Amino acid sequence: MTGIQIVQTANAVPERTVPNDELNAYMETSDEWISSRTGIKQRHVATGQTTSDLCTLVAQKLLAEAGWQACDLDFIIVATMSPDYMTPATAAIVQGRIGAKNAFAFDLNAACSGFIYGLKVAEGLLQVADKRGMLIGGEVLSKLLDWHERSTAVLFGDGAAGVLLEQNLTGSSAFLATDLQTFGELGDRLTAGYQPVNSVFATDSTDPHQRYFEMDGRAVYKFATHQVPESIMRAVQKAGLLVQDIDYFILHQANQRIIDQIAKRLDQPSHKFLSNVANFGNTSAASIPILLDEAIQRGTIQRGQTIALSGFGGGLTVGTQIIKY
Ligand code: ACO
22 MTGIQIVQTA NAVPERTVPN DELNAYMETS DEWISSRTGI KQRHVATGQT TSDLCTLVAQ
82 KLLAEAGWQA CDLDFIIVAT MSPDYMTPAT AAIVQGRIGA KNAFAFDLNA ACSGFIYGLK
142 VAEGLLQVAD KRGMLIGGEV LSKLLDWHER STAVLFGDGA AGVLLEQNLT GSSAFLATDL
202 QTFGELGDRL TAGYQPVNSV FATDSTDPHQ RYFEMDGRAV YKFATHQVPE SIMRAVQKAG
262 LLVQDIDYFI LHQANQRIID QIAKRLDQPS HKFLSNVANF GNTSAASIPI LLDEAIQRGT
322 IQRGQTIALS GFGGGLTVGT QIIKY
């Protein structure tokens, strides 16, 4: 079987940071409430950059740091729930801007699990015919938030990050095992970006407010703290490992309490659960690759280590990828 290598990681986030205290100007909230309930201290918010702008920056950094040419790429996938347009796909915009003339490009939406679902798709492509691919998770969630709705607006941030992946003909692979699950029957627990039927023939009278994030926070909390540990355990087993063999866990960064609870359920020490939710908030499909890139750049994650990447979110979806970096 063909192996796959993670060649490079990179991230790009908007410059503007919004600390918790600044949100008081738009809604009744406090740093104390946000920090104690979520661990979030600040988030990066786009003041003009779009999802494709952030993803293009990531793509340029990835290529520059790896020393690859854009024409080396066979495919570009962007995982996003906040694309610039329904069409063209964000990935197609990136492909055009960087001049990746040999690459096909498309978007994938599995909300906060998008990067993990994207890894599975990329793995499939690389095992068949393609040699070099780029996967980016990118979001501008700030455009999907009602900035006067404190129960959701305080939780999210904007950003993008990604990886370059390459076929490894020697056989050894970074991809050890995957577990993906979708719970469509729970989809209404977390919605955003509703597109109303609004033609001249429409009789639909849906509240336009559904354009913005709506979430049953407690239901999502319960879902994540139960389903993520189970997904990790299934993936660990498929990889023929024990949970204690995992050097680090990189979970979707939604809430520090969720991360702590998952660590407890897995009975693993908290230092193995990397976190940057304090600085970025929840960046959906971008959160896992941003943290992965940070941890690699800092030297926390090193070649040869075994990492569990695990996401959860809209759909509802959950997914785990075990990698040997
Ligand atoms: N500031 C101050 N008070 C607030 C705020 C705020 N920002 N938001 C809510 N409150 C109030 C509520 O109005 C409520 O007041 P009341 O008791 O007078 O009615 C009180 O705080 C408690 O609210 P709860 O919703 O019960 O708070 P809870 O402790 O459940 O925490 C939270 C809420 C942080 C959202 C939690 O449920 C959670 O983290 N859930 C998971 C959410 C998540 O991870 N979502 C992302 C999924 S990923 C994706 O796909 C996008």
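So in this note's numbering, spot 184 of the sequence shown is number 205, and the numbers just go up one at a time.
Where a beta carbon is used, it is the ideal one built from N, C-alpha and C, also for glycine.
Here the structure is a predicted model, which is why all the values come from computation and not from measurement.
message: Among the candidates 135, 137, 80, 185, whose CA atom is the shortest distance from the CA of residue 152?
response: 185
task: Could you tell me whether the Cβ atoms of residue 60 and residue 316 are closer together than 8 Å?
output: When the beta-carbon positions are compared, residue 60 and residue 316 stay at least 8 Å from each other.
field: For residue 65: DSSP bridge partner residues
entry: DSSP lists 38 as partners of residue 65.
- prompt: Short check: CB of residue 44 to CB of residue 161, under 8 Å?
  reply: no
query: Would you say residue 215 touches the ligand ACO, meaning its beta carbon is less than 7 Å from a heavy atom?
result: Result no, Cβ not under 7 Å from the ligand ACO.
task: Could you tell me if the beta carbon of residue 139 falls within a distance shorter than 7 Å of some heavy atom in the ligand ACO?
output: no
message: On a Cα-Cα basis, can you pick out the residue from 144, 254, 291, 104 that is closest to residue 180?
response: 104
query: Cβ of residue 267 within 8 Å of Cβ of residue 293?
result: yes
- prompt: Can you name, in chain order, every residue of its own chain whose Cβ lies under 8 Å from the Cβ of residue 313, other than the five neighbours on each side?
  reply: 30, 182, 184, 271, 322, 328, 330
query: Using DSSP with H/G/I as helix, E/B as strand and the rest coil, what is residue 262?
result: Of the three classes helix, strand and coil, the one that applies to residue 262 here is coil, per DSSP.
message: Could you tell me the alpha carbon to alpha carbon distance between residue 334 and residue 131, rounded to whole angstroms?
response: If I take the Cα positions, the gap works out to 8 Å.
Simplified DSSP state of residue 272, which is helix, strand or coil: Of the three classes helix, strand and coil, the one that applies to residue 272 here is strand, per DSSP.
query: In whole angstroms, what separates the C-alpha of residue 326 from that of residue 269?
result: 8 Å
query: Based on Cα-Cα distance, which residue from 264, 202, 311, 248 lies nearest to residue 289?
result: 264
message: Nearer than 7 Å: is that true of the beta carbon of residue 50 relative to any heavy atom of the ligand ACO?
response: yes
query: Nearest to residue 303 by alpha carbon, out of 285, 273, 286?
result: 273
message: For a test of the three-state rule: what should DSSP assign to residue 218, helix, strand or coil?
response: coil
- prompt: Taking the DSSP output, what are the residues bridged to residue 327?
  reply: 345
task: Rank 32, 318, 295, 237 by C-alpha distance to the C-alpha of residue 337 and give the top, closest one.
output: 237
field: 4 or more residues per run - each alpha helix (DSSP H) lying fully within the stretch 85–127
entry: 111–119
field: Alpha-carbon to alpha-carbon, residue 47 and residue 28
entry: 42 Å
query: How would you label residue 65, buried or exposed, when you count the other beta carbons within 10 angstroms and need 16 or more for buried?
result: Looking at its Cβ environment, which holds 16 or more other Cβ atoms inside 10 Å, residue 65 is buried.
message: I'd like to confirm the pairing. Which residues does DSSP put opposite residue 75 in its beta bridges?
response: In DSSP, residue 75 forms no bridge with anything.
- prompt: Taking the C-alpha atoms as reference points, what is the distance between residue 85 and residue 121?
  reply: 14 Å
message: Can you determine whether any heavy atom of the ligand ACO sits closer than 7 Å to the C-beta of residue 171, and answer yes or no?
response: Because some heavy atom of the ligand ACO lies under 7 Å away, the Cβ of residue 171 counts as near it: yes.
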